[in-house]
Amino acid sequence: MYGYGRIIFSLSRAGYIPRWISVTSENHTPYRALILGTVVGLLCVMVVDVASDAVDAVILNMAVFGALISYILAMLSYIKLKLSYLNLSKLYQSPLGIYGAIVGSILAIFALIACYFVPAYRAGIWGIVIVMLIATVYFFLYSRNRLVAQAPEEVAALNKKI
Numbered sequence: 123m124y125g126y127g128r129i130i131f132s133l134s135r136a137g138y139i140p141r142w143i144s145v146t147s148e149n150h151t152p153y154r155a156l157i158l159g160t161v162v163g164l165l166c167v168m169v170v171d172v173a174s175d176a177v178d179a180v181i182l183n184m185a186v187f188g189a190l191i192s193y194i195l196a197m198l199s200y201i202k203l204k205l206s207y208l209n210l211s212k213l214y215q216s217p218l219g220i221y222g223a224i225v226g227s228i229l230a231i232f233a234l235i236a237c238y239f240v241p242a243y244r245a246g247i248w249g250i251v252i253v254m255l256i257a258t259v260y261f262f263l264y265s266r267n268r269l270v271a272q273a274p275e276e277v278a279a280l281n282k283k284i
């Protein structure tokens with residue numbers, strides 16, 4: 123809960139999703155983000171329960187599919203950083219270097235493709251694809267023009283020396 127609450131809160135505070143979600147309580151708890159994440163998760167379980175017999179397999183595969191996409195993007199970002207900034211500090215070192223990120227990306231892509239070949243997992247994959255398409259359309263039509271110029275996360279990233 124803590125993880126998705128912080129992610130939803132940060133996305134809202136930066137303007138990627140509606141700003142009303144980033145309201146916190148007097149204890150600075152992002153309660154709206156926590157409630158929204160819980161409701162969305164519950165709705166996903168209910169939809170999958172109606173559409174499929176293997177609720178646990180579909181929900182697990184949705185999480186795996188999303189995690190694989192995150193891993194691929196992180197490894198590709200690492201490769202881009204290492205190629206664009208050749209004298210990066212030790213903070214951005216990997217024991218396996220660029221080659222490890224390339225091999226990891228290829229393996230993650232194969233795992234992503236393999237998820238589709240298990241029939242019980244296909245509903246989860248299509249669910250994630252539909253959510254990603256809706257999020258992309260939402261970004262380009264609405265939130266792209268409403269981003270917060272100086273979100274705290276962006277300020278912290280800009281003030282770091284590379």
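When we follow the working numbering, the leftmost residue of the sequence shown carries the number 123, and every step to the right adds one.
Every residue gets a Cβ at the ideal spot worked out from N, C-alpha and C, and that includes glycine.
Are the CB atoms of residue j and residue i within a distance shorter than 8 Å?
i              : j              : result
asparagine 183 : tyrosine 243   : yes
leucine 107    : alanine 185    : As shown, the chain starts at 123 and ends at 284. That puts residue 107 outside it, with no answer to give.
glycine 127    : leucine 165    : no
valine 170     : alanine 245    : yes
glycine 159    : isoleucine 250 : no
lysine 204     : leucine 195    : no
serine 147     : tyrosine 153   : yes
isoleucine 220 : isoleucine 191 : no
For the alpha helix (DSSP H) containing residue i, name the first residue and the last one.
i              : result
arginine 135   : 124–136
tyrosine 238   : 219–238
isoleucine 252 : 244–263
valine 177     : 177–206
Taking the alpha-carbon positions, what's the residue i to residue j distance?
i              : j                 : result
alanine 223    : phenylalanine 131 : 29 Å
glutamine 272  : valine 240        : 44 Å
cysteine 237   : isoleucine 247    : 8 Å
threonine 151  : phenylalanine 262 : 29 Å
isoleucine 181 : valine 167        : 7 Å
glycine 277    : leucine 133       : For the record, residue 277 in the displayed sequence is valine; it is not glycine. If I take the Cα positions, the gap works out to 14 Å.
Decide if residue i is buried, meaning its Cβ has at least 16 other Cβ atoms within 10 Å, or exposed.
i              : result
isoleucine 228 : exposed
methionine 197 : buried
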